[in-house]
Each structure stands twice: as structure tokens, then as C-alpha cells.
Amino acid sequence: MDTNATHTVCRNCGEPLHGEYCARCGQRDRTVVLPVRELVREFGDEVLSWDTRLVRSLRPFLLQPGRLTLEYLAGQRKNFVSPFKLYFFISFIFFFLSSVSESSGKKELRSRFLDEPDSVSVPADDSVQLRIQNEDSPFRMSVSDTVKAASLFGEDFVHGLQAGKKDPRRLFAMMREHLPKVLFLLLPVFALMLKAVYLRSRRLYIEHLVFSFHIHTFIFLMMIFGALVEILLPAALHSVSNVFTAAVPFYLVIAMRKVYGQSWPRTVVKFILLSLAQVVVFILSLVIMVIAVVYLYFI
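What follows is the structure, encoded as C-alpha cells:
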């Protein structure tokens, strides 16, 4: 079957055709019904194109911090994966590996927290008290010695938190389900922080957002490398995977210097300010997520 067509307008965007490909959207003028071999070839071309662009994107992305952002902002986008697609692709791999690692028993800290005995006490007097403690676990939490928990969120929240403590696997499952959404919502927040610290750079908000996508993609990528080390080389020292975590601040400083072009001292100061602000926002986001999960699933 001849897959070529002779339409006068593009079937995708309606632009008048002056050749085999549309000058506006680039779609090839072909028949609507394609044979199987054409569908297979089209799929292969798409996969190969994605694979090529991914390799072209990751090479400068890893070895030259900030370069991919500058090239995207300069309009050189055809040969690279967009920052949005790259973020979703890398973050998907990370959460997939995280679930695999968890199911295979690699989450030692989490299993310790779930398996070791905890104490939950809620006195029946006027001052509702809630304590969640684990002497040997770094996860140690004391809400209040008085009625603060009940006065701030209501007694229903206290009882819901108790229910979550009794069913920690479900609590963690719900938190894990919503964590990608929370992290995604932090991307525009980080872009606002960049806009604030680089107010005089005259860059548009969308430019800061592109940089935010690239930075958080790199963070996910380093966590992927660390997770792979723990999965494939369980006997390796924990410090080996920490090397990838330690690479993040160095990468961010170099990328900020490259993209915004300021001096090293100013860049380092702004990196510190951004890091402190990001930690505060991240902690607040986790607290809000826990509160939301308790209200949605345990009350």
C-alpha cells in the first residue's frame, strides 16, 4: 500500500501543503490508515528519536552544569529533551526504583521504624497529649504536652494520627503516593525563590522555572545512582551512595554561576540562601502532606 498522500492541506493543523511535510507542524502527508509495517517503523523512529535526544541531553546535563538550560533558553531545543519531559522521565525512574528497593527489603531505616515497638499515649484528661516515640529510631516525634494538637487541628486529627500510627504501612503508602505531587508543586516555588534572589537579572519567571526543572532532575538522577548502588551492590559502603548526594550542592553552585553569570562569592551566598529556604519549604510541605493524609484517609 502506498502510504503517500496528495492532500492540499495538513490534516493535523490545516496549513496548506507545498510538499510531503507540513511547513508549520512538520507532520508528513500520509494516508490515515497505515499498514502494520509502517506503524512498527513509525514507533521505532519515535523510540530512536527519543533515545538520541535523551543521550544528547544527558551528556551536557551531567558534565556541563547549566549548559542545557542555556541552550534551551537560547532556542536550541530540537535536539534535546524538553526540561519538563526530562523531569518526568527521570522522576518516574526514581520512584520506580524506590518501590523496587522497598519491596526487596532495601529500606532498612523504614523497616526499623515499622518493626520496632513504639509508644502512643493519649491521656484521658483535659490536656490531650500525643507522643510518638521510638528510642532507637531517628524518627522521633512529640506533638505537644498539652492540648496544642487538639486545639490546632481538632481532636479528630489526634485520633486520626493515632490510627495512622497503628497502621504505619498504610500511612507510609499514602505518603509515598502523594510525594511525587508534592515535589512537583515545589518546582514553581523554587522558581519563585530564584526570581527573588536574582531579581535584577531581568529573566522571566518561565526561565527560572526551566532551571528549576533541570536542577530537580539532577537531584533525582543522583538519587537514582545512589539507589542503584544500594540495589546492585548491597555490600558496598553506604558512603559510596552518599557521594552522589554530595555532588548536588557542587553541581547547583556551578549551574547557577553558568546560567546567571554572577561572581563565585555572590553565587555561593545565594546558593546558601536558596538551600535554607528550600529546606524550610520542604519541611512545611511534608508537614502539610502528613496532615492532609491523616484527614483524607484516617478520619
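Position 290 of the sequence shown, counting from 1, maps to 1113 under our numbering, and the rest follow consecutively. Note that the Cβ used here is the ideal one computed from N, Cα and C, for glycine as well.
Asked	Found
Of all the alpha helix (DSSP H) runs that stay within the bounds of the segment 879–908, which reach a length of 4 or more residues?	890–896
Identify, in the order they occur along the chain, each residue of the same chain with its Cβ nearer than 7 angstroms to the Cβ of SER1024, setting aside the five sequence neighbours on each side.	TYR1083
Taking the alpha-carbon positions, what's the PRO991 to VAL981 distance?	15 angstroms
I'd like to check one pair, MET997 with VAL1116: are the Cβ atoms closer than 8 angstroms?	yes
Could you have a look at ARG834 and say whether DSSP puts it in helix, strand or coil?	coil
Which residue or residues does DSSP assign as beta-bridge partners of PRO839?	VAL832
What span of residues does the alpha helix (DSSP H) with PHE1036 cover, start to end?	1028–1055
Please report the straight-line C-alpha distance between LEU1015 and ARG1026, rounded to a whole angstrom.	12 angstroms
Please report how far the alpha carbon of VAL1110 lies from the alpha carbon of ALA846, in whole angstroms.	51 angstroms
Classify ARG851 as helix, strand or coil using the three-state DSSP reduction.	strand
Relative to the C-alpha of LYS1128, which candidate in GLN887, ASP979, GLU843 has its C-alpha closest?	Lying outside 824 to 1122, the shown extent of the chain, residue 1128 is not represented and no answer is given.
Which residue wins for smallest C-alpha separation from PHE1073, given the options VAL1063, SER1064, THR1090, LEU881?	THR1090
Below 7 angstroms CB to CB, which residues in the same chain sit around ILE1038 once its five sequence neighbours on both sides are set aside?	LEU1075, ALA1078
Check this for me: beta carbons of VAL1033 and TYR895, under 8 angstroms apart or not?	yes
What is the DSSP secondary structure of TYR844, counted as helix, strand or coil?	strand
Where does the unbroken alpha helix (DSSP H) through GLN1101 begin, and where does it stop?	1087–1120
In angstroms with no decimal places, state the Cα-to-Cα distance between ILE1047 and PHE1036.	16 angstroms
Quick one, are the C-beta atoms of PRO883 and LEU877 less than 8 angstroms apart?	no
Count the other CB atoms within 10 Å of the CB of THR1040; is the residue buried (16 or more) or exposed (fewer)?	buried
Express the C-alpha separation of LEU893 and LEU984 in angstroms, rounding to a whole number.	46 angstroms
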